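For the sequence shown, this note's numbering assigns the number 261 to the initial residue and increments by one for each residue that follows. Virtual Cβ for every residue (Gly too), placed ideally from N, Cα, C. Given the structure is predicted, the values throughout are model-derived calculations rather than measurements. The next block holds one structure in the form of structure tokens; read it before the comments.
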Amino acid sequence: MPRNDIAVVGAGLVGAMVATLLTQRGFRVSVFEKRSDPRKAGFQGGRSINLALAERGLHALRATGLAAQVLEQAVMMRGRMVHDPAGHSGLQRYGVDDSEVIWSVSRGGLNNLMLDAAEAAGATIHFDQGLAGADLDAGRLMLRSMDGTERSINAPVIIGADGAGSALRAEMHRHSPLGERIEELGHGYKELEIPPGKDPSAPFAIERNALHIWPRGHYMCIALPNREGSFTVTLFLPNDGEHPSFRTIAGAAAAEGFFRTEFPDALALMPEFTNDWAAHPVGTLATLYLDRWHIGGRALLIGDAAHAIVPFHGQGMNCGFEDAAELADLFAANPSDPAAVFAAFEATRKPNADAIARMALENYVEMRDKVADPVFLRKRELGALLTERCPTHYLPRYRMVTFTHLPYRYALERGQAQDVLVEQLLLGHESVASVDIEAAVRALQATLPPLPAEAFDRG
Ligand code: FAD
């Protein structure tokens with residue numbers, strides 16, 4: 261293999277993205293994927309699983325030329341529709357208007373589109389070729405197909421996009437320890453479904469253009485819309501401990517009882533609840549931290565293989581797409597020195613991955629608890645007012661993460677500084693109406709420097 265050949269392990273969302281972007285920049289890319297080709301498996305029915313796509317992911321999709329096609333198949337979500345225990349609901353917008361929204365996309369549909377794009381760009385995808393071993397010093401990969409056939413290939417430059425349980429990561433770690441740490445969240449998730457309504461002209465049983473949340477303190481349900489009118493519902497709950505937890509809710513009948521008490525309005529929309537509960541496993545949630553993402557210029561991890569995070573900011577894929585775009589830019593600038601490219605990638609991306617990992621954990625508490633908390637709502641209201649009155653100096657952290665390309669690390673640090681200020685401004689005030697807003701703007705300008713230009717560069 262000449263230097264310009266790159267092997268990618270994993271043709272999931274990030275593997276297909278990086279393969280497309282590198283091929284577009286003139287590299288010869290071969291992708292090795294454990295599963296068979298999902299496009300050939302045909303329509304498998306069953307549930308739709310979706311993901312929230314935001315600006316960082318869209319930015320990478322624009323570079324592949326796929327953005328318009330993806331958005332055509334997506335459902336816009338303007339904000340959080342928060343459902344309280346009494347059955348009332350209200351929309352908390354994410355941004356100022358429809359220029360600041362997120363998109364619910366089908367995971368399978370997006371993956372298929374991206375596989376098509378990678379092949380159209382010129383990448384070769386080998387399905388049913390799982391990584392089974394690697395000799396990184398010799399630049400060789402061992403691949404195994406489902407019938408047990410094994411082969412070994414030359415691969416001097418390898419990118420591991422094989423997800424949270426990465427086999428390449430295990431091989432790299434065996435070669436030179438990566439400093440791996442996995443922190444279990446202690447909470448798991450179960451996917452359920454609100455099917456489309458019977459009336460084809462109005463198939464959505466609840467507001468279509470929102471991400472629905474039923475916050476209940478230590479746990480919550482969320483629902484994201486699918487194009488055909490269904491919603492993918494996810495319950496997040498502690499695995500063990502006092503009721504309610506996945507351990508104390510034994511079986512579908514007990515789960516139905518729990519939903520009848522805690523989420524009666526959602527339960528009423530899920531006629532297949534007990535079947536879904538019995539059929540779908542409890543998913544685990546954890547954050548993966550590594551000290552090192554690469555071994556010289558031989559192998560590099562990206563996406564979930566390098567930094568799997570909990571899903572509460574809806575940024576795992578978005579961050580992985582940003583990884584892919586930045587890696588492709590670095591390779592384009594320095595095509596013949598993968599060691600330098602990998603080192604530069606790790607140096608810029610790792611602090612950002614650490615920051616989004618932390619913000620994703622914090623967002624779980626915000627979503628399940630704080631969105632219904634009056635103090636949180638007051639801070640949010642004052643933040644929105646400061647953004648309106650002084651947009652050069654204040655942008656809520658959620659919007660920096662979701663609608664801009666500001667580095668995640670910057671969003672984390674700026675968000676902390678803004679938070680301290682807003683708390684000070686609200687001291688002694690029961691409502692935002694009594695805050696002297698002109699004085700608040702002066703305090704903001706005196707305390708924090710203006711936001712960088714990237715804060716205003718959308719798209
Ligand atoms: P994966 O999607 O895991 O793909 C890895 C690929 O590698 C797969 O195709 C797999 O078959 C293949 N593979 C595995 N082992 C091997 C092997 N040995 N050899 C060859 N191939 C192999 N992110 C968002 O941005 N927005 C969201 O709303 C969102 N919601 C989420 C909700 C939940 C419940 C969860 C769990 C995650 C969510 N995420 C979300 C995160 C997102 O799913 C991941 O960040 C994203 O899928 C990572 O992509 P990836 O390509 O790195 O890994």
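DSSP three-state assignment for residue i, whether helix, strand or coil
i: GLN352; result: strand
i: ASN594; result: coil
i: HIS447; result: strand
i: ASP679; result: helix
i: TRP363; result: strand
i: ASN612; result: helix
i: HIS435; result: helix
i: GLU453; result: strand
i: ILE466; result: coil
i: ARG340; result: strand
i: PHE303; result: With a pLDDT of only 45 at PHE303, under 50, the local geometry of the prediction cannot be trusted, and the value read off the model is given with reservation. Residue state, collapsed to three classes: coil.
i: VAL542; result: coil
i: ILE697; result: helix
i: ASP525; result: helix
i: VAL417; result: coil
i: ALA346; result: coil
i: LEU666; result: coil
i: HIS319; result: helix
i: LEU201; result: This structure gives no information on residue 201, because the portion of the chain shown stretches from 261 to 719.
i: ARG702; result: helix
Inter-residue Cα distance where the pair is residue i and residue j
i: GLN676; j: ARG609; result: 20 angstroms
i: PHE716; j: LEU655; result: 10 angstroms
i: ASP397; j: PHE572; result: 39 angstroms
i: SER596; j: SER436; result: 23 angstroms
i: ALA427; j: ALA568; result: 14 angstroms
i: LEU401; j: ALA392; result: 8 angstroms
i: HIS554; j: PHE602; result: 6 angstroms
i: THR280; j: LEU318; result: 15 angstroms
i: ASP551; j: ASP564; result: 15 angstroms
i: LEU645; j: ARG638; result: 11 angstroms
i: VAL342; j: TYR479; result: 14 angstroms
i: ASP621; j: ALA546; result: The sequence shown places Leu at residue 621, not Asp. Looking at the two C-alpha atoms, the distance is approximately 10 angstroms.
i: GLY305; j: ASP459; result: Because the pLDDT at GLY305 is just 46, under 50, the model does not fix this residue reliably, and the value given afterwards should be weighed accordingly. Roughly 21 angstroms between the two C-alpha positions.
i: GLN333; j: ALA703; result: 45 angstroms
i: VAL269; j: ARG316; result: 23 angstroms
i: GLU443; j: GLY477; result: 22 angstroms
i: LEU548; j: ARG674; result: 24 angstroms
i: ILE238; j: THR508; result: What is shown of the chain runs 261 to 719, which leaves residue 238 out entirely.
i: ALA738; j: PHE519; result: This structure cannot speak to residue 738, because the chain is shown only from 261 to 719.
i: ILE473; j: GLU360; result: 19 angstroms
i: THR521; j: GLY511; result: 16 angstroms
Exposure label - residue i; buried when at least 16 CB within 10 Å
i: SER364; result: buried
i: MET432; result: buried
i: MET406; result: exposed
i: ARG688; result: Here residue 688 is Gly; the residue named in the question, Arg, does not match the sequence. The residue in question, GLY688, is exposed, as its Cβ has fewer than 16 Cβ neighbours within 10 Å.
i: ASN594; result: exposed
i: PRO710; result: exposed
i: HIS447; result: buried
i: ASP583; result: buried
i: GLU293; result: buried
i: ALA421; result: buried
i: THR707; result: exposed
i: ARG441; result: exposed
Unbroken beta strand (DSSP E) run spanning residue i, endpoints
i: THR492; result: 491 to 498
i: MET406; result: Note, MET406: premise wrong, no beta strand (DSSP E); not H, not E.
i: PRO485; result: 480 to 485
i: PRO475; result: 471 to 475
i: TYR654; result: That residue, TYR654, is in no beta strand (DSSP E); it is neither H nor E in DSSP.
i: GLY393; result: 390 to 395
i: PHE287; result: Premise fails: PHE287 is in no beta strand (DSSP E) and is neither H nor E.
i: LEU723; result: It is not possible to answer for residue 723, since the shown part of the chain is limited to 261 through 719.
i: ALA267; result: 265 to 269
i: ILE385; result: 384 to 386
is_contact[residue i, chain E] using C-beta, thresh 8 angstroms
i: GLN676; result: In the structure shown, chain E cannot be found, because there is only a single protein chain.
Start and end residues, alpha helix (DSSP H) containing residue i
i: ALA514; result: 512 to 522
i: ASN310; result: Here ASN310 belongs to no alpha helix (DSSP H); instead the beta strand (DSSP E) covers 310 to 313.
i: ILE569; result: First-last for ILE569: undefined, no H or E at that position.
i: ALA644; result: 634 to 649
i: VAL692; result: Looking at the DSSP string, VAL692 is not in any alpha helix (DSSP H), and its letter there is neither H nor E.
i: VAL330; result: 327 to 332
Residue i Cβ short of 7 angstroms to the ligand MN heavy atom set
i: ASN372; result: For the ligand MN, the structure offers nothing, since it holds only the ligand FAD.
Margin query: Is it the case that the stretch 373 to 387 contacts the stretch 282 to 289, given that we only count it when at least three CB pairs across the two stretches are under 8 angstroms?
Written below: The stretch 282 to 289 is in contact with the stretch 373 to 387.
Next item on the list: Take every Cβ of the stretch 411 to 422, pair it with every Cβ of the stretch 312 to 322, and state whether three or more of those distances are shorter than 8 angstroms.
Entry: In short, these stretches do not touch, since the Cβ pair count stays below three.
Notebook entry, point to check: Given 8 angstroms as the limit, is there contact between the stretch 611 to 619 and the stretch 348 to 364, that is, 3 or more CB pairs closer than that?
Noted result: Counting Cβ pairs under 8 angstroms, fewer than three are found: no touch.
Next item on the list: Inspect the CB distances between the stretch 525 to 539 and the stretch 574 to 586 and report whether three or more fall short of 8 angstroms.
Entry: Between the stretch 525 to 539 and the stretch 574 to 586 there are fewer than three inter-stretch CB-CB distances shorter than 8 angstroms, so the stretches are not counted as touching.
Note to self: Between the stretch 476 to 496 and the stretch 448 to 455, can you find at least three pairs of beta-carbon atoms closer than 8 angstroms?
What the structure shows: Contact holds: three or more Cβ-Cβ distances are below 8 angstroms.
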